[in-house]
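Some notes on the structure that comes next.
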Amino acid sequence: MKTIGNHNYYVYILTNKKKTVLYTGITNNLKERYIFIIIQRRSLKHSQLDIDVII
Numbered sequence: 000m001k002t003i004g005n006h007n008y009y010v011y012i013l014t015n016k017k018k019t020v021l022y023t024g025i026t027n028n029l030k031e032r033y034i035f036i037i038i039q040r041r042s043l044k045h046s047q048l049d050i051d052v053i054i
């Protein structure tokens with residue numbers, strides 16, 4: 000398989016306000032992923048994704 004063009008991937012690390020939990024991931028579109036996480040966070044009733052800081 001031949002790859003054409005450039006491919007950029009980002010590793011992201013998120014934490015909660017108390018900095019007791021780390022969420023990690025890989026994405027090729029950091030802005031889109033961040034927006035998705037924020038929307039997902041708002042839709043959860045008990046704030047299961049208590050994300051506050053991008054490291």
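In terms of numbering that gives the first Met the number 0, the sequence shown has 8 at position 9, counting the first letter as 1, and numbering is strictly consecutive. C-beta atoms are modelled at their ideal positions from N, C-alpha and C, and glycine is treated no differently.
Distance between beta carbons of residue j and residue i, contact taken as under 8 Å
i	j	result
residue 19	residue 12	14 Å between Cβ atoms; not a contact.
Own chain residues within Cβ distance below 6 Å of residue i, not counting five before or after
i	result
residue 9	26 and 29
residue 78	Not covered by the structure: residue 78. The range shown for the chain is 0 to 54.
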